[in-house]
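To keep things clear, I will list the structure first and then write my remarks on it.
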Amino acid sequence: MSVVLSAEKLVKTFPGVRALDEATLTVTAGSVHALLGENGAGKSTLIKILTGVYRPDGGQLRLPGPDGELRAVQLGNPQDAQRAGIGVVHQERNLIPAFSVAENICLQHLPRRAGLLDRAALRTEARRCLDLLDLDLDPDLPVSRLSVAQLQLVEIAKALSADSTVLLLDEPTASLTNDEADRLYGIVRRLSERGHATVLVSHKLEEVFAVADTVTVLRDGRSVAEAEPLADHSREEIVDLMVGRAYQQVHLAARTVAADVEPALALDAVATTAGHHDVSLAVRPGEIVGLYGLVGAGRSELAKALLGLDQITAGEVRVHGRPARIRDVGDALHRYRIGYVTENRKEEGLFLDQTVARNTAVTVWRKLARLGLVRDRSERLLVDEYADRLGIRLASPDQHAGQLSGGNQQKVSLAKWLAADCDVLIIDEPTVGIDVRTKAAFHELIAGLAARGMAILLISSDLPEMVTLADRIAVMREFAIVGELDNDHDYDRMSQSVIRFIHDGQGVVA
Amino acid sequence: MRSVIRTNEFTLAVIAALGFAALAVATDFNLLTAGTLDAFLRFLALPIVIGLAQMVVLAVGQMNLSVGVLTGFCAVASGWLMVDAGLPAPVAVLAALALGAVVGLVNGLLVIFTRINGFIVTLATMTILEGLRYGVNGTGTYQGYSPGLRGFGQASVAGVPVVFLLAVVIAVAVALFFRRTVPGRHLLASGGNPFAARLSGISNDRALVLAHTLSGLLAGFAAVIVVAAFGSVNASIGDDLLLPSFAAPIIGGVALAGGMISVTGTVLAAFLVRLVDVSQSQFDINRRWVDLIIGAVVLGAVLLGQFRDKLSGGPR
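Heads up: the sequence lines are chains A and B, in that order. First residue of the first sequence? That's 1 in the UniProt record's numbering, and the numbers climb one at a time after it. First residue of the second sequence? That's 1 in the UniProt record's numbering, and the numbers climb one at a time after it.
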């Protein structure tokens with residue numbers, strides 16, 4: 001079969017991270033090509049390059065020209081990618097609710113006549129795209145009236161509207177029921193019979209094996225399997241490829257957790273308005289409990305519900321053995337001494353336009369104030385102390401947080417909770433976008449906090465990080481805990497078990 | 001030292017000094033005579049306080065369209081209390097301050113309970129107050145009230161008008177509030193990044209209500225300055241204060257998106273606007289031209305701010 005997309009040795013570097021390291025993806029016409037890899041393996045970066053969002057630092061992208069010969073292309077923006085015949089359906093919805101189905105499908109190239117919208121042509125074109133999917137939907141219906149599954153299909157029709165030869169589907173069934181997913185994959189198969197190529201990104205291996213025929217596996221930005229027939233591999237082999245065996249363990253000082261101590265934070269069959277059900281967890285002083293799961297599994301949402309940003313509808317939360325009703329973050333901090341180091345330090349953790357001193361002291365201003373006034377000097381002393389303890393490199397405490405490097409920013413957002421003297425810390429994705437050396441320093445830091453008796457709930461999508469740090473690993477899938485494992489720090493064994501929990505969702509507690 | 005020179009405040013101070021010197025020369029040093037200088041500073045008090053009233057809501061990323069009209073409303077109300085109700089001046093003054101704060105509090109509560117944008121809420125209260133203002137005494141004028149209060153409006157200490165000193169004291173208090181007090185810092189944190197503020201244990205709702213209440217209180221102070229310094233009040237007071245209330249903080253470098261304020265910048269910008277005003281009266285320029293100039297300067301200041309952000313790589 002002819003090649004319709006060839007990405008060769010793509011390299012993409014972000015400050016401190018090599019997201020793609022000579023990744024290769026070759027897609028042939030009529031195939032359903034699974035693109036697999038763990039979180040952070042480089043899948044999203046690769047997709048963003050294929051859709052013109054990022055430009056690669058190295059390697060080349062080749063697409064067939066009018067004569068069918070492959071030639072190198074530069075995709076400067078998403079419009080370029082569309083014109084080149086690459087249609088994409090992102091994980092998040094990109095439809096305009098008030099517009100009709102037809103208007104949404106043809107949004108990028110609305111047909112015009114005499115400068116005005118040509119409604120007849122619009123309807124015809126939309127009808128054609130819907131027919132490709134054998135979808136019987138009124139093109140004049142506003143999309144706000146459609147179901148989640150219908151929206152997903154309209155997105156695909158939209159992606160096909162520009163005569164796409166390659167369709168990229170990023171986790172297309174994340175919000176669909178099993179029946180709806182089956183229907184969607186029926187459509188994908190039919191498209192491939194008509195010669196369209198589909199690149200499918202999915203964490204659900206059962207779906208991948210049911211629908212895809214070819215597979216590329218990314219690990220650490222490299223393709224460790226390149227366009228291999230999926231039938232040649234077993235599930236176990238695929239998981240091995242994704243996880244890899246080259247993992248080097250960082251050795252941290254051993255900690256012992258007293259087993260008979262009352263948990264500092266305990267959840268008992270908790271359900272929340274965010275959608276969690278039957279979540280039970282316990283973190284004892286001095287213990288690091290990992291909460292692992294894929295993006296969207298409900299981990300950060302659980303943290304936020306615990307802090308009162310969503311309501312707890314059933315079950316019980318206990319802090320040091322006593323039932324707790326936490327209304328907001330202030331309550332968590334002042335009454336229960338629970339801190340939350342947020343996932344997105346730039347969006348949720350820091351005040352980028354304000355000084356490091358203010359960012360660090362924000363949780364303790366009330367304590368620093370004398371007669372209602374906060375003294376700058378006491379704030380600076382506090383920053384000096386934590387800059388020293390955490391190794392934050394600062395030009396001055398008056399430096400703006402936005403000017404710091406990612407690692408230093410993360411340390412500042414950790415410092416504000418240490419300054420507040422918390423004894424339970426929920427740490428969410430602490431090392432995303434942080435280089436390897438700072439990451440190791442962070443791991444030592446977190447282990448050190450636990451060694452001094454802090455109870456830590458660590459949320460991370462980084463499995464090596466989990467295996468390095470956690471004493472126990474709880475696995476969350478679809479807003480429920482599907483398994484809990486004692487961490488024996490054997491990476492191969494742990495990752496196999498964890499990934500099995502995630503992909504099969506079996507509710508076995510080991 | 002270089003970091004001081006590169007600040008917006010320094011630029012404004014230089015422009016203000018040059019502008020003042022140029023106007024002094026152009027008026028054959030008439031500007032420096034005691035009487036002219038006194039009037040210059042006396043009528044600078046109002047733009048400073050009204051600019052600060054707008055600044056405190058800008059700090060949390062909100063706007064208060066009702067500041068000008070609220071100032072007029074409080075002024076008319078205190079005039080009514082003294083002239084028609086016959087109450088003593090201190091009561092009228094406290095009533096003006098309380099009325100401003102209460103209207104501000106209502107603005108804030110409306111914003112957090114209805115979740116309607118503050119722009120719309122204050123547009124509505126502005127319109128309502130506009131009606132009420134004329135409802136109190138129609139188009140009539142209150143005058144001849146408390147000699148003590150009017151005396152306060154005309155008094156000077158060492159050649160500096162007392163109302164101007166009052167404005168400076170208010171500015172210092174506002175600066176201290178944002179710089180050193182916990183609620184002030186909460187306001188800036190909430191305006192700078194509401195998500196991070198909430199996840200640091202700060203209530204954004206409380207910050208919004210506090211900012212609007214303070215804004216109202218400052219409008220109340222502006223009303224007291226008007227009543228004292230003008231010697232008479234009528235229902236048209238406050239109609240022309242909306243643009244100056246935005247002009248001072250925006251030219252002064254306050255971020256419209258919230259989280260960044262400058263009391264010094266706001267005061268200096270009010271000074272600049274006053275310079276333009278005085279030039280108009282000195283050279284008998286058409287009033288319309290003054291509005292045009294101030295409008296253009298506001299637009300220029302915002303563009304300059306964007307340009308500066310781009311040059312320095314921006315906050316992000």
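The beta-carbon is built from N, C-alpha and C at its ideal position, and this holds for glycine as well. Remember, predicted model here, so these are calculated numbers, not experimental data.
C-beta neighbour in chain A for residue i, strict 9 Å
i	result
B:Thr7	no
B:Thr71	no
B:Met260	yes
B:Leu199	yes
B:Ala59	no
B:Val182	yes
B:Asn193	yes
B:Ile112	no
B:Ile202	yes
B:Arg115	no
B:Leu176	yes
B:Ala189	yes
B:Arg42	no
B:His212	no
B:Ala196	yes
B:Arg185	yes
Per-residue DSSP class, three states only, for residue i
i	result
A:Gln74	coil
A:Pro229	strand
A:Ala474	strand
B:Arg185	helix
A:Glu92	coil
A:His400	strand
A:Arg318	strand
B:Ile285	coil
A:Ile288	strand
B:Tyr142	strand
A:Ser405	coil
B:Leu176	helix
B:Phe40	helix
residue 562 of chain A	Nothing about residue 562 of chain A can be reported from this structure: the residues present for chain A run from 1 to 510 only.
A:Ala113	Correcting the residue identity first, residue 113 of chain A is Arg in this sequence and not Ala. Strand, per DSSP.
A:Asp21	strand
B:Thr7	coil
B:Arg115	coil
Min CB distance residue i to chain B below 9 Å
i	result
A:Ala332	yes
A:Gly42	no
A:Phe14	no
A:Tyr247	Because A:Tyr247 sits at a pLDDT of 46, beneath the cut-off of 50, its placement in the model cannot be relied upon, and the point is left open.
A:Arg358	yes
A:Lys416	yes
A:Gly349	yes
A:Gln354	yes
A:Arg366	yes
Sheet register partners of residue i (DSSP bridge)
i	result
A:Gln60	A:Glu8
A:Val363	One point to set straight first is that residue 363 of chain A is Thr, not Val, in the sequence displayed. Beta-bridge pairing links A:Thr363 to no other residue.
A:Tyr340	A:Ile426
A:Glu103	Answer is none; A:Glu103 lacks a bridge partner.
A:Ala369	A:Val374
Cβ-Cβ distance between residue i and residue j below 9 Å
i	j	result
B:Gly259	B:Asn193	yes
B:Thr125	B:Leu70	yes
B:Val57	B:Met63	yes
B:Leu241	B:Gly118	no
A:Thr45	A:Ile86	no
A:Phe479	A:Gly298	yes
B:Ala223	B:Thr139	no
Proximity test, Cβ basis, 9 Å: residue i and chain C
i	result
B:Ala255	Structure shown: chain C not included; protein chains present are A and B.
Taking one C-beta from the segment 94–101 of chain A and one from the segment 147–166 of chain A each time, how about it: are there three or more such pairs within less than 8 Å? Touching, per the Cβ criterion.
Count the C-beta pairs between the segment 219–236 of chain A and the segment 32–47 of chain A that are closer than 8 Å, then say yes if the count reaches three, no if not. In short, these stretches touch, since the Cβ pair count reaches three.
Measuring CB atoms only, is the segment 329–339 of chain A touching the segment 281–294 of chain A, in the sense that at least three cross pairs come out at less than 8 Å? At 8 Å Cβ cutoff, the stretches do not touch.
Is it true that the segment 484–492 of chain A meets the segment 459–472 of chain A, where meeting means three or more beta-carbon pairs spaced less than 8 Å apart? For the pair of segments examined, the segment 484–492 of chain A was found to touch the segment 459–472 of chain A: the number of CB pairs separated by less than 8 Å reaches three.
Validate contact between the segment 169–176 of chain A and the segment 136–144 of chain A using beta carbons, cut 8 Å, 3 pairs: The segment 169–176 of chain A, when compared against the segment 136–144 of chain A, does not touch it at the 8 Å Cβ threshold.
Using 8 Å as the threshold, is the segment 25–33 of chain A in touch with the segment 195–208 of chain A, meaning 3 or more CB pairs across them? Contact holds: three or more Cβ-Cβ distances are below 8 Å.
Check whether the segment 304–321 of chain A and the segment 255–268 of chain A are in contact - that is, three or more C-beta pairs closer than 8 Å. Taking one beta carbon from each stretch, the segment 304–321 of chain A and the segment 255–268 of chain A have 3 or more pairs nearer than 8 Å; the two touch.
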